[in-house]
Amino acid sequence: MTNPSSDPVRFLDERLGTAGPLRKAMRYLFPDHWSFLLGEVALYSFMVLVLTGTFLALFFEPSDAPTTWSGPYTPLDGEPMTRAYASALDLSFKVPGGLLIRQTHHWAALVFLVAILLHLLRIIYTAAFRKPRELNYMVGLTLLGVAILEGYLGYSLLDDLLSGMGLAIGYGTALSIPFAGGPLGSLLWDGPFPGGDAFFPRMFFAHVFLLPALIAVLISVHLAMIVRQRHSQFRGPGRRQSNVVGSPLWPSYALRSLGLFAATAATLFLAGGLVQINPIWQWGPFEPYLGENGAQPDWYLGWLIGALRLMPNIELHVFGHTIVPNPFFGGLLFPTVVFMVLYAWPWFERRFLSRDYRRHDLLDRPRDQPRRTAFATAFLVWVATVFLAGSADRLFLAFGVSYEVQVQLFRALFFLAPVAAYVIALRICQDLRRRGHPLRRVSRTMVRRNAEGGFDDVGADGAEAEQPGRELERR
Amino acid sequence: MSRRLRNALLLWGLVRGLLRAPRASEDDDGRGGLPGWGPDSADADADPTRRETGAPAWAELTLVALLVGAAVLFVAFAVLIAAAPDTQALGLTAGGALALVAAALILAGNRVAPQETAVEERPALIDPEAERELESEAEAGTDGVSRRKLIVAAAGAAGTGLAAAAALPVTALGPGPSALKGSPWRASVRLVDELGKPISANDVVEGAFVTAFPEGADTRELAAPVVLVRVDPATLRLPAERRGWAPEGLLAYSKICTHASCAVSLFRYPLYERRSSGPALVCPCHYSTFDVRRAAKVVFGPAGRPLPQLPLRVDAKRDILAAGPLSGSVGPAWFGTDRGKS
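Protein sequence lines correspond, in order, to chains A and B. Numbering-wise (numbering that gives the first Met the number 0), the first sequence opens with residue 0 and increments by one. Numbering-wise (numbering that gives the first Met the number 0), the second sequence opens with residue 0 and increments by one.
Here's what the structure looks like:
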């Protein structure tokens, strides 16, 4: 009989045969590059979200039943409101450490989505989506979509004025789905907006169980696929398609990665304690007849509110009956197009741009395929223009430009900015390919001593040379 | 072939020519690499492996100091939670402790633990032998079964039945879309404020912006809130059939935006009309702008139809009453919503 404390290795091996697989896991190799950490930051933000969210769920009450709040914040003391909003106020003002955890949770959600987006950009610019990683790329995109929905439900739960306005827009957009919108909105909200008794518990269940479970499953699949194929890597000495060069998991990489987890959590807790985010007591309780100017959603919804704003007032209708209401175009069609382009990217690029059906485990640098980089930049700028239109309230406060002028301006940029971005990115890539990186360019001049003892410049040589080991791949 | 069609085909050919790159050759650009794999690095033959051990004393001692510091801050956090839970102090201690842990782990990973760069062969994913075996194994599962198509069809029927059985109870989640159409506005319903107090016509002056509800109705009902404004009757430009809807220039429109159901809570009232546009209701969410004099016609923004108007009358006590129901469907449209006249 093996003692689990004196010989845990043998104890587990006897029962599960773990020694071999664990030994292999300890030798799993991680190529070293800073951009590979973006996905890890997303993973660690998700862990912070689960931990802080568990704490919050112990106190939050997902109910729109009326109540009267009393507490140390005098403007709301004795005010009628829903139990959801009242319990969120209790979390902020009465539970020890409650505000810290609530704000850390909110910051973690913002960072989670920033990290996913930057990770996606890294994947696209370095062409990590190519065979054999197309499926994993699509799993990652799905993660992004689910994370956006999860974040939206999270701040919608609190039932303050800001979240209520967000839900109203969500309701209007759900109703705009052709054919199915009306019944769907009525079913989801358990009646007309602001919703029946079942609506808040439903949102809560989706936010704390359904979607987090889905995200956890998708993350597991994402990681399992990576482990099966091993990490991709950049070109460099000894780097082949058929090998992986990097640090083994044990011990140095595990320590560094845990360090990244601690650093992510530290940043989020410091932000949660020191930088105010979503001060719900300032917004006040939501009523369907109330709205406020300058209300901004969480950043990852900015592109949707921007698209809703930029869409001209077109609706399809026949004989005085609406067929396609307006919010469909900005709130549903636009994000659908964006996600469809992203899902189709690996297949589309292979079919029309590269005609390259080979397996790639070595990454491109952005300049190596200028047209891909230019198209990606144009696409990014296109979405970013719409995103900026979502912050028109802030731009009005900062620059005093009226909403009307801003909307017209952004409508023009919607068409012009991607073209400009394409041209500029293409030129930069081509220049980098031709002349190398301006900061890493090796400049050499050959001089010859002449008979008088002076030096003659006999011409620049090698100004176009790149540093060794950075030779370009040309097709 | 018509000229237009030929031009379109030419354009398509041009676009295809621009989009398409030559097919990458299978036999790699003389750079090695395996069949079916892209080209290798230029210096793929170099040996990148290394292993360095030996932790410097300063690193080990700093590591200890960082970990002890983290312990102190974690204890400070626990004490604060119990004694004086101040958000900033809690954030500083918890975040600070985690930052020290992060510094310790990164130092340990980079300076104390052995540093190693290793090389591993990537596993081949394709195994044609296994693929063949998998296929024949799968096919062997139907050996000796003669009515395959019939069985598959029956299974399909069961699946369809299951889908229907799963889909139809979904309709129990909520009421049908006809529930979205209700409105408490009828003729002779008095307009009151959010506390239920009747609104006197004398209190609604030009430039004022009043939110009103039907007397006795639930203020959270979407069709309930209307905005009440007054304009100079001489400037009104209502359609002919609404001529009597605005006594003394008093106008009432649904407060819920016909675009995405936000409350239309901004009133853009001109200070000097000759140099700016007329009075308009603006939705703060997506800037839909409704001209109050022209029956809430959309003059800017994404809304697809005007705000429904409530016909008004003023009684002898100067109370404001509805003279009929709202002119159309309240709030955002869905498939089949009546767009109303105007």
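Yeah, the Cβ is synthetic: ideal placement off N, Cα and C, and Gly gets one too. Only a predicted model underlies this, so the values are computations on that prediction, with no experimental measurement involved.
- Beta-bridge annotation (DSSP): B/K296 is paired with B/D290.
- When 8 Å is used as the limit between beta carbons, B/D192 is near no residue of chain A, the shortest such separation being about 11 Å.
- Cβ contact annotation for B/G323 (same chain, cutoff 6 Å, sequence separation greater than five): A186, P310, in chain order.
- In the structure shown, B/S253 adopts extended strand secondary structure according to DSSP, grouped into three states.
- At a Cβ-Cβ threshold of 8 Å, A/A306 and A/G330 count as neighbours.
- If you compare the alpha carbons of A/G319, A/Y136, A/Q295 with that of A/L217, the shortest gap goes to A/Y136.
- Exposure of A/H436 is indicated by the presence of fewer than 16 other C-beta atoms within 10 angstroms of its C-beta.
- For B/V225, there is no enclosing alpha helix (DSSP H); the residue is part of the beta strand (DSSP E) that begins and ends at 225-229.
- Take B/D192, set aside five residues on each side of it, and the residues of its chain with a beta-carbon closer than 8 Å to its own are I198, V209, T210, A211, F212, in chain order.
- In the DSSP annotation of this structure, the continuous segment of the alpha helix (DSSP H) that includes B/A88 starts and ends at 86-106.
- Within chain B, the residues whose beta carbon sits less than 9 Å from that of A/D189 are L172, G173, P174, listed in sequence order.
- Nearest neighbour of B/A93 by Cα position, chosen from B/P269, B/A123, B/V74, B/R147, turns out to be B/V74.
- Residue pairing for A/P30: DSSP places it in no beta bridge.
- The Cβ of A/G180 sits closer than 8 Å to at least one Cβ of chain B.
- In the three-state reduction of the DSSP assignment, A/S44 falls in the helix class, which pools H, G and I.
- Less than 8 Å divides the Cβ of B/R189 from the Cβ of B/D318.
- Ranked by Cα distance from B/F334, the options A/W346, A/G319, A/T372, A/G245 are led by A/G319.
- For A/L119, DSSP records no beta bridge to any residue.
- Contact of A/E314 with chain B is assigned, a C-beta pair being separated by under 8 Å.
- Proximity of B/N109 to chain A, defined by a Cβ-Cβ separation below 8 Å, is satisfied.
- Around the CB of A/W344, 16 or more other CB atoms lie within 10 Å, so the residue is classed as buried.
- Counting C-beta atoms within 10 angstroms of its own C-beta, A/T372 has 16 or more neighbours from the protein chains shown and is therefore classed as buried.
- Burial check for A/V47: the Cβ neighbour count within 10 Å reaches 16 or more, so the residue is buried.
- Contact annotation: in the region 217-228 of chain A, residues whose CB is within less than 8 Å of a CB in chain B are R227, Q228.
- Using beta-carbon distances, B/F266 does not count as an interface residue toward chain A, since no partner is under 8 Å.
- Its chain contains S275 as the residues whose beta carbon lies nearer than 6 Å to that of B/P269, once the 5 sequence neighbours on both sides are disregarded; these appear in chain order.
- Around the beta-carbon of B/Q87, fewer than 16 other beta-carbon atoms lie within 10 Å, marking it exposed.
- With a threshold of 8 Å between beta carbons, A/H436 makes no contact with chain B.
- Judged by DSSP secondary structure, A/S246 falls within the beta strand (DSSP E) whose first and last residues are 242-247.
- With fewer than 16 other Cβ atoms inside 10 Å of its own Cβ, A/P79 counts as exposed.
- For the C-beta of A/L42, not a single chain B residue is nearer than 8 Å; the gap to the nearest is close to 15 Å.
- Within chain B, no C-beta atom comes less than 9 Å from the C-beta of A/L431; the nearest is roughly 17 Å away.
- Residues of the region 292-309 of chain A that bring their beta carbon within less than 9 Å of a beta carbon in chain B comprise N292, G293, A294, I304, L307, R308, L309, in sequence order.
- When secondary structure is reduced to three states using DSSP, B/R146 falls in the coil class, being assigned neither helix nor strand.
- Under the Cβ criterion (8 Å, minimum of three pairs), the region 271-288 of chain A does not count as touching the region 348-366 of chain A.
- Residue contact check for A/Y154 against chain B: no CB pair falls below 8 Å.
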